[in-house]
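This report concerns only the one structure given below.
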Amino acid sequence: METAVYLFTGFLESGKTKLIQESLADKNFNSGEENTLIILCEEGIEEIDPFACPNDGKNLFIEVIERIEQINPDKLSALQKKHSARRIIIEYNGMWKIDDFYNAMPKDWIVYQEIMLADTTTFLNYNANMRSLVVDKLQGCEMVIFNRFSDKYEKIDYHKIARAVSRNVNIAYEYSDGNVEFDDIEDPLPFDINSPVIEIKDEDYAIWYRDLVEDFKKYEGKTVKFKGIIAKDERMDANSFVIGRHVMVCCADDISYRGLVCNCKGASKYKTKDWAIVKAKILIKKHKLYGSEGPVLDSVEIADATPPLQEVATF
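Numbering (numbering that gives the first Met the number 0), first residue to last: 0 to 314.
Written out as structure tokens, the structure is:
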């Protein structure tokens, strides 16, 4: 049987405990009957008050994990079994990587919701000084809530940071009076997806690639033109290669090659690390290199190219 997990992320004093408390006090979320395990990975000023919850919080059980080494399947399973919990709430430590938790989850745990909390007054400083940790929390969450917001802050500053990491994340701004506004700023793509040939500028590759992999079905049958670096793979035939760019999400430690399988009659003349401009039709089909269905380029034209001024693509 699946165990529902609700994951609250963000840095210390970002408002995680307050939102968890409000959620547990809501009878629509917590009836007071289902055993709920609350795992606190950091302790701030606020504390959860079980008596402010339905049934005086008799169904709530709080455990504290102080070290990342304790985030492992055996420990998590043991805590769940100890309290016969059918639901798990995690207040995650902002200095720990999210992947460490996902990799440690017991097999029957399913994250139903991941929400990031951010203190508007400190968020920009965190982003400037600990960008990799900010990206880590933004890239998988369904919603980011910027609390302690006020009219002296510009929404666009926070919007750009969140959407640079994920175009799908929902954004909310919570004011000190409790009023919440949802972000409605449009994110126009820097290229025309309805053009007969979608031309991707060198500086827009990262944005285009992210948009493609988030919803590659909308690109099916469309023709695209872009510059990339070629990578050969022994699992591919002589008329195929991978073409893409090295993409940096947050910092130099987070650079990885993001490419697409390309079928091209002239493939044999190219070798790994060659730059080329490809014009190709996007087909959505299974390929052994992906291990599943994905976008495959059916090359119409290919030409030699020189590297762009900035070889690593960024957002």
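Backbone N, C-alpha and C fix where the C-beta goes; we use that ideal spot for every residue, glycine too.
Reduced DSSP secondary structure (H/G/I, E/B, other) of residue i
| i | result |
| --- | --- |
| Pro294 | strand |
| Ile197 | strand |
| Tyr289 | coil |
| Ala302 | strand |
| Leu47 | Strictly speaking, residue 47 in this sequence is Ile, with Leu absent from that position. Of the three classes helix, strand and coil, the one that applies to Ile47 here is coil, per DSSP. |
| Tyr91 | coil |
| Lys264 | coil |
| Tyr174 | strand |
| Asn169 | strand |
| Ile184 | coil |
| Ser131 | helix |
| Tyr218 | helix |
| Ser76 | helix |
| Thr316 | Residue 316 is absent from the model: the chain starts at 0 and stops at 314. |
| Gly56 | helix |
| Ile67 | helix |
| Tyr125 | helix |
| Lys280 | strand |
Host beta strand (DSSP E) of residue i (start-end)
| i | result |
| --- | --- |
| Val241 | 239-247 |
| Val143 | 142-148 |
| Glu113 | 108-118 |
| Leu59 | 59-63 |
| Asn102 | No beta strand (DSSP E) contains Asn102, which is instead part of the alpha helix (DSSP H) from 97-103. |
| Tyr5 | 2-8 |
| Lys226 | 222-230 |
| Ile37 | 35-39 |
Delimiting residues of the alpha helix (DSSP H) encompassing residue i
| i | result |
| --- | --- |
| Val164 | 154-164 |
| Thr16 | 15-24 |
| Ile206 | 204-213 |
| Leu11 | Neither: Leu11 is in no alpha helix (DSSP H) and is coded neither H nor E. |
| Leu308 | It is not in any alpha helix (DSSP H) - Leu308 carries neither H nor E in the DSSP assignment. |
Contact under 8 angstroms by Cβ, residue i with residue j
| i | j | result |
| --- | --- | --- |
| Ile241 | Ala230 | For the record, residue 241 in the displayed sequence is Val; it is not Ile. For Val241 and Ala230, yes; Cβs fall inside 8 angstroms. |
| Ser291 | Asn262 | no |
| Val4 | Ile70 | no |
| Glu113 | Glu141 | yes |
| Pro189 | Asp210 | no |
| Asn58 | Glu41 | no |
| Gly93 | Phe10 | yes |
| Leu296 | Ile281 | yes |
| Phe314 | Ile206 | yes |
| Met0 | Asp107 | yes |
| Ser165 | Leu123 | no |
| Phe7 | Leu78 | no |
Chain-order list of residues whose beta-carbon lies under 6 angstroms from that of residue i (same chain, five-residue window excluded)
| i | result |
| --- | --- |
| Ala302 | Ile276 |
| Asn54 | Gly31 |
| Glu180 | Tyr172 |
| Asn146 | Gly14, Glu173 |
| Pro105 | Pro72, Leu75, Ser76 |
| Gln20 | Ile47 |
| Gly265 | Ile301 |
| Tyr157 | Phe145 |
| Glu364 | In this structure the chain extends from 0 to 314, so residue 364 is not present and cannot be described. |
Neighbourhood of residue i by C-beta distance below 7 angstroms, restricted to the same chain and skipping five residues each side
| i | result |
| --- | --- |
| Asp135 | Lys96, Ile97 |
| Thr305 | Trp274 |
| Arg234 | Lys287, Leu288 |
| Gly315 | Because the chain here runs from 0 to 314, residue 315 falls outside it and cannot be looked at. |
| Gly43 | Leu11, Glu12, Thr16 |
| Lys285 | Ser291, Glu292 |
| Pro294 | Leu211, Phe215, Tyr218, Leu259, Ile281, Ile283 |
| Phe50 | Gly56 |
| Asp232 | Val241, Leu288 |
Same chain, Cβ closer than 8 angstroms to residue i, neighbours up to 5 away in sequence not counted
| i | result |
| --- | --- |
| Glu46 | Thr16 |
| Asn169 | Glu141, Met142, Val143, Phe181, Asp182 |
| Met35 | Looking at the sequence provided, one finds Thr at residue 35 rather than Met. Answer for Thr35: Leu23, Asn29, Asn58, Leu59, Phe60, Ala84, Arg85, Arg86, Ile87, Ile88, listed in chain order. |
| Lys216 | Ile283 |
| Val196 | Thr222, Val223, Lys224, Lys278 |
| Asp253 | Ser131, Val134, Met247 |
| Ile67 | Asn92, Trp95, Asp99 |
| Thr119 | Phe145, Asn146, Arg147, Phe148, Ser149, Tyr152, Tyr157, Tyr172 |
| Gly220 | Lys280, Ile281, Leu282 |
Closer than 7 angstroms: residue i CB and nearest the ligand SAM heavy atom
| i | result |
| --- | --- |
| Tyr218 | Absent from the structure shown: the ligand SAM. Ligands present: none. |
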